[in-house]
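>
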Amino acid sequence: MSKILAAHPVRPHKIEYYLERRDPEFEAKMTEVLHVYREVAVWRKTGLPGEVVGVLSSLPSVADIVDGIMTEADAVLRGWCGASG
């Protein structure tokens with residue numbers, strides 16, 4: 004690899020930063036994401052607002068999600084293998 008790079012004027016290790024913005028809504032989306040990060044930083048200091056706690060408490064637990072995935076995977080495998088029960 005070093006011989007190839009030495010033979011050509013390609014220097015990928017010298018590139019500091021590159022960004023090609025193809026999405027016309029990039030600025031708006033970037034601003035929204037940065038606001039979310041700022042909110043999370045504030046919540047870490049002050050605690051979660053009540054409405055967020057309510058939404059989070061209504062979500063299924065990770066254990067429930069994993070159990071559902073394993074049940075589905077088991078059914079698929081039984082179908083492939085022709086096993087029953």
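This note's numbering puts the first residue of the sequence shown at 4, with every later residue one more than the last. Backbone N, C-alpha and C define an ideal beta-carbon position, used for all residues, glycine too. Treat the numbers as computed from the prediction; the structure is a model and nothing was measured.
1) Enumerate, from N- to C-terminal direction, the unbroken alpha helix (DSSP H) stretches of 4 or more residues contained entirely within the region 46 to 86.
2) In this structure, how does DSSP classify residue 40 when only helix, strand and coil are distinguished?
3) Hey, how far is the Cα of residue 63 from the Cα of residue 75?
4) Give every residue of the same chain whose Cβ lies closer than 8 angstroms to the Cβ of residue 66, excluding the five residues on either side of it in the sequence, and list them in chain order.
A quick look at the data gives this:
1) 53 to 61 and 65 to 84
2) helix
3) 16 angstroms
4) none
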